[in-house]
Amino acid sequence: ETGVTQTPRHLVMGMTNKKSLKCEQHLGHNAMYWYKQSAKKPLELMFVYSLEERVENNSVPSRFSPECPNSSHLFLHLHTLQPEDSALYLCASSQDVGGGALNEQFFGPGTRLTVL
Amino acid sequence: GENVEQHPSTLSVQEGDSAVIKCTYSDSASNYFPWYKQELGKGPQLIIDIRSNVGEKKDQRIAVTLNKTAKHFSLHITETQPEDSAVYFCAASHSGGYQKVTFGIGTKLQVIP
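The structure is reproduced here in structure tokens:
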């Protein structure tokens, strides 16, 4: 595997379900990110981890719970979601969070989430 | 915080013509401006970037220009091909400590054969 991988690629869940999204980066990067991509909106940054420590929680509802067990893996745990949470969830990694080119984001293919 | 505006939101061009996408930013401290291309079913991928100490950068058929005074930057694609059809995002960030990347809303480019 190379780059950034995400599983599953598609997920349909009911509002009472609990599910998890998984991301893995094979680039040796120190920072990982979760973004939400909705139609006709800019990419919304949700969480940032640097060396397994969360450095940003961008006012995300508690029904989204991130976990970063090591610098290569990132999870997004989902519970009691709402239909408006349906979107493409993108994981990304970067060499560092120091800004500039160190922040070059390498994205995974995303998980298309549908909440019924 | 930084605000990046991008236009147009959709753009259709005939194959072989040029395409231009424009962005403005609000934070004068921003000094790094990447452009990402997102094809259907994939995540965005960096295609070119420019730093604030450079006014123009070119890579084959794509070029970016930066006007720091006016706080705007543009992506130019020449001799467009059908495979250029995708959504393009501009972004801005600056160095120093933790600085997130702020993205524009995206431009859906369609190249008509």
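Residue numbers (my numbering), protein chains in the order written: chain A, 2 to 117; chain B, 4 to 116. For each residue, glycine too, the CB sits at the ideal point set by N, CA and C. Predicted model only: the values in this text are computed from it and were never measured.
Would you verify that the beta carbon of residue i is, or is not, closer than 8 Å to some beta carbon of chain B?
| i | result |
| --- | --- |
| residue 28/A | no |
| residue 111/A | yes |
| residue 71/A | no |
| residue 58/A | no |
| residue 108/A | yes |
| residue 53/A | no |
| residue 49/A | yes |
| residue 46/A | yes |
| residue 104/A | yes |
Can you say whether residue i is buried or exposed, counting buried as having 16 or more other CB atoms within 10 angstroms of its CB?
| i | result |
| --- | --- |
| residue 101/A | buried |
| residue 67/B | buried |
| residue 105/A | buried |
| residue 30/A | buried |
| residue 83/A | exposed |
| residue 16/A | exposed |
| residue 70/A | exposed |
| residue 34/B | buried |
| residue 127/A | The question about residue 127/A has no answer here: the residues shown for chain A are numbered 2 through 117. |
| residue 103/B | buried |
| residue 40/B | buried |
Sorted by chain position, which residues of the same chain lie with C-beta nearer than 7 Å to residue i's C-beta, five sequence neighbours on each side aside?
| i | result |
| --- | --- |
| residue 22/B | 14, 16, 80, 83 and 112 |
| residue 87/B | 80, 112 and 114 |
| residue 8/A | 23 |
Using a Cβ-Cβ cut-off of 8 Å (strictly less than) and excluding sequence neighbours within five positions of residue i, which residues of its own chain qualify?
| i | result |
| --- | --- |
| residue 12/B | 108, 109, 110 and 111 |
If we define contact as Cβ-Cβ less than 8 Å, is residue i a contact residue for chain A?
| i | result |
| --- | --- |
| residue 108/B | yes |
| residue 10/B | no |
| residue 103/B | yes |
| residue 15/B | no |
| residue 98/B | yes |
Beta-carbon within less than 6 Å of residue i's beta-carbon, same chain only, minus the 5 sequence neighbours each way: which residues are those?
| i | result |
| --- | --- |
| residue 85/A | none |
| residue 8/B | 27 |
| residue 11/A | 113 |
Where do the N-terminal and C-terminal ends of the beta strand (DSSP E) with residue i fall, by residue?
| i | result |
| --- | --- |
| residue 25/B | 22-28 |
| residue 60/B | 59-62 |
| residue 10/B | 7-10 |
| residue 93/A | 88-95 |
| residue 51/B | 48-54 |
| residue 65/B | 65-70 |
| residue 38/A | 32-38 |
Would you say residue i touches the ligand FAD, meaning its beta carbon is less than 7 Å from a heavy atom?
| i | result |
| --- | --- |
| residue 97/A | Of ligands this structure carries none, so the ligand FAD is not represented either. |
Near-chain A residues of the stretch 21-39 of chain B (beta-carbon distance less than 7 Å), N- to C-terminal order = So the close ones are 34, 35 and 37.
request  = Mind checking the stretch 69-81 of chain B against chain A and listing, in chain order, the residues whose C-beta falls within less than 7 Å of any C-beta there?
outcome  = Using a CB distance below 7 Å, no part of the stretch 69-81 of chain B faces chain A.
Selection of the stretch 32-43 of chain A by Cβ proximity to chain B, strictly under 8 Å = Going along the stretch 32-43 of chain A in chain order, one finds 41, 42 and 43 with a Cβ nearer than 8 Å to chain B.
key: Near-chain A residues of the stretch 45-72 of chain B (beta-carbon distance less than 8 Å), N- to C-terminal order   = Result list: 45, 46, 47, 48, 49, 52 and 54.
task = Identify each residue in the stretch 88-102 of chain A for which the Cβ-Cβ distance to at least one residue of chain B is less than 7 Å, and report them in chain order.
result = Flagged, chain order: 91, 98, 99, 100, 101 and 102.
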